[in-house]
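Asks: Before I ask anything, here is the structure I am working with.
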Amino acid sequence: MSMLTYLYANTPKGNAPDWMDQCTESEPPFDQLRSFIDPARMVDHMEIAEQQAGRTLVLIHRRADAATPPEELVLRVQGFLVDTSLPPLRRDQIPANTHRIIDLKQSVTITGLGFSAHLKGHHLRTWQPERANAHLSLTFGNRYLTPVKFADGEPHGDLSEVVDPFNVLCPHLSSQVHLQENVVEYWERNTQPNKTRRIKPDAIMCGAMVELQVAFTIAKLGRHDYIFLPKLCAICVLNRTVHVDYNASIIKHLSTRTVSPLKKVKRKIGYDSDDKENTSAVDFPQQRLRRLTLDDSMN
8 MSMLTYLYAN TPKGNAPDWM DQCTESEPPF DQLRSFIDPA RMVDHMEIAE
58 QQAGRTLVLI HRRADAATPP EELVLRVQGF LVDTSLPPLR RDQIPANTHR
108 IIDLKQSVTI TGLGFSAHLK GHHLRTWQPE RANAHLSLTF GNRYLTPVKF
158 ADGEPHGDLS EVVDPFNVLC PHLSSQVHLQ ENVVEYWERN TQPNKTRRIK
208 PDAIMCGAMV ELQVAFTIAK LGRHDYIFLP KLCAICVLNR TVHVDYNASI
258 IKHLSTRTVS PLKKVKRKIG YDSDDKENTS AVDFPQQRLR RLTLDDSMN
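Using the numbering used here, read the sequence shown as starting at 8 and increasing by one per residue.
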């Protein structure tokens, strides 16, 4: 049984999508991604601001006046992880072509949302979710690097601690930097007590129920069309029950399978060179017999 099938199946501990509904009931509705489906709500609660000297457009909370400092709009969305590409980076992930390093990114895909989330507004193309085995899914990511020419005055992030602890990426950097905009935070919520703690990304597994914090930049397509580009900012693990139960069910399935008893198993060890050097007098006749030819038998 695949992870997706398990997520949507009734388990002894309840239905997985129902757990997520119960979790999101306590979350504030005003910063939930699903609450911004209505274009009118988007207009009332957000505005577009320029960033990086006009090179980037970002969504910010609507300000009372121009003197109010801008605050980036960060929305929350919950789901079950079905795919992840998270740090730390390994050597085999570094492209041979150094020009492709700028494309390296981390990403997660979630499902089990229970609604068709999309954002649509005036001159905004519809943001269409993806499908994973016919189930609604959303993918969010964030690049590890930014071109240095766009980094003027922007705060830098720490690349070595989480993303590149094995120092496989840093030696290849020349015109790229890791900015605070590229940083993704990793958290886990403890139910007892109800607090959050920082975790390493390699502790985040498929099947876990998570809450993602995402921001949005806006890219221009053509002369009048724009599209939202989601950017992953943080991952918080809310519940690992599905992940644990799924692994337990796989182990139980494997343990109950009929296994045929092993017959006598032949073992051959050693090296050819050693065999030749350690050839004993007892083995010599057998070796000559194997090399015997017709001419030899005639002599």
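Every residue, glycine too, gets a C-beta built ideally from N, C-alpha and C.
Keep in mind it's a predicted model, so treat the numbers as computed, not measured.
Output the distance between the C-alpha atoms of residue 174 and residue 206, rounded to the nearest integer angstrom.
Replies: Taking the straight line from one Cα to the other gives about 20 Å.
Asks: Whose C-beta lies closer than 8 Å to the C-beta of residue 180 among residues of the same chain, with five residues either side of it excluded?
Replies: These residues qualify, in order along the chain: 108, 152.
Asks: Taking residue 252 as part of the alpha helix (DSSP H), name the residues at either end of that continuous run.
Replies: Residues 248-262.
Asks: Just confirm the distance between the C-beta atoms of residue 170 and residue 239, as a whole number of angstroms; I'd bet it's less than 8 Å.
Replies: 13 Å between Cβ atoms; not a contact.
Asks: Can the beta-carbon of residue 195 be found closer than 8 Å to that of residue 243?
Replies: Yes, these two residues count as a Cβ contact at 8 Å.
Asks: Taking one C-beta from the stretch 88-106 and one from the stretch 211-220 each time, how about it: are there three or more such pairs within less than 8 Å?
Replies: Short answer: they touch.
Asks: Could you tell me how far apart the beta carbons of residue 63 and residue 86 are, in whole angstroms, since I believe they sit closer than 8 Å?
Replies: So it is not a contact: roughly 27 Å between Cβ atoms.
Asks: So, at 7 Å on beta carbons, what are the nonlocal neighbours of residue 130 in its own chain, with the 5 sequence-adjacent residues on each side left out?
Replies: Bear in mind that the predicted position of residue 130 carries a pLDDT of just 46, short of 50, making it too unreliable to give a figure here.
Asks: Grouping DSSP H, G and I as helix and E and B as strand, with all else coil, what is residue 205?
Replies: Looking at residue 205 - three-state DSSP - the assignment turns out to be strand.
Asks: Secondary structure at residue 111, three-state DSSP: helix, strand or coil?
Replies: Three-state DSSP puts residue 111 in coil, outside helix and strand.
Asks: Determine the burial state of residue 144: buried for a count of at least 16 other Cβ atoms within 10 Å of its Cβ, exposed for fewer.
Replies: Buried, since its Cβ has 16 or more Cβ neighbours within 10 Å.
Asks: Mapping the DSSP letters down to three states, classify residue 52 as helix, strand or coil.
Replies: Residue state, collapsed to three classes: helix.
Asks: Here's the rule I'm using: 16 or more other beta-carbon atoms within 10 Å means buried, otherwise exposed. How should residue 113 be labelled?
Replies: Buried, since its Cβ has 16 or more Cβ neighbours within 10 Å.
Asks: In this structure, how does DSSP classify residue 187 when only helix, strand and coil are distinguished?
Replies: In the structure shown, residue 187 sits in a helix (DSSP, three-state: H, G or I).
Asks: Using beta-carbon positions only, say whether residue 254 and residue 215 come within less than 8 Å of one another.
Replies: Not closer than 8 Å, so no.
Asks: Assuming residue 147 and residue 221 form a contact by the criterion Cβ under 8 Å, report the distance between their Cβ atoms to the nearest whole angstrom.
Replies: Yes, residue 147 and residue 221 are in contact; Cβ-Cβ is about 5 Å, under 8 Å.
Asks: Looking only at its own chain, which residues have a Cβ that is under 6 Å from the Cβ of residue 84, when we skip the five neighbours before and after it?
Replies: Correct list, in chain order: 40, 219.
Asks: Taking the alpha carbon of residue 81 as the reference point, which residue from 150, 223, 275, 159 has its own alpha carbon closest?
Replies: Ranking 150, 223, 275, 159 by Cα distance to residue 81 puts 223 first.
Asks: Which residues bound the beta strand (DSSP E) around residue 216?
Replies: Residue 216 -> beta strand (DSSP E) spans 216-228.
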